[in-house]
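Under our numbering, the first residue of the sequence shown carries the number 4, and numbering increases by one thereafter.
Everything below concerns the one structure shown next.
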Amino acid sequence: KGGRWKRNQAKYFVKGFALFDKVRYNGVLCFITGRRTTGYFALKSIMGNKVHDSASYKKIEYVGKSGGYIYDYIVH
4 KGGRWKRNQA
14 KYFVKGFALF
24 DKVRYNGVLC
34 FITGRRTTGY
44 FALKSIMGNK
54 VHDSASYKKI
64 EYVGKSGGYI
74 YDYIVH
């Protein structure tokens with residue numbers, strides 16, 4: 004009664020990666036949409052398609068931090 008629930012949420016940086024960082028996984032450019040304290044990440048492409056549910060931090064390569072917006076660059 005009157006206690007506080009512990010937030011079940013990973014830290015801001017997990018193994019050097021943050022939410023919505025741009026990374027490359029198997030040659031595919033994607034964004035981190037979920038992080039786990041164990042070092043596994045949920046990845047999605049720029050179109051929002053799921054790339055991987057639990058990719059290891061050892062298999063992803065940091066490309067850059069996402070800016071304020073996620074842009075879709077389509078060449079017509």
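Glycine residues also receive a C-beta, built at the ideal position from the N, C-alpha and C atoms.
Owing to the predicted nature of the structure, the values given are computational and were not obtained by experimental measurement.
Within 8 Å, strictly: CB atoms of residue i and residue j
i     : j     : result
Ser48 : Val31 : yes
Ser59 : Phe34 : no
Val26 : Ile63 : yes
Ala13 : Thr36 : no
CB-CB length for residue i against residue j, believed under 8 Å
i     : j     : result
His55 : Tyr15 : His55 to Tyr15, Cβ: 21 Å. No contact.
Phe20 : Arg38 : 7 Å
Segment limits, beta strand (DSSP E) that includes residue i
i     : result
Thr36 : 31 to 38
Phe2  : Because the chain spans 4 through 79 in this model, residue 2 falls outside it and cannot be assessed.
Tyr65 : 63 to 68
Tyr15 : Where Tyr15 is concerned, there is no enclosing beta strand (DSSP E), given that its DSSP letter is neither H nor E.
Environment of residue i [buried if 16+ CB atoms lie within 10 Å]
i     : result
Tyr65 : exposed
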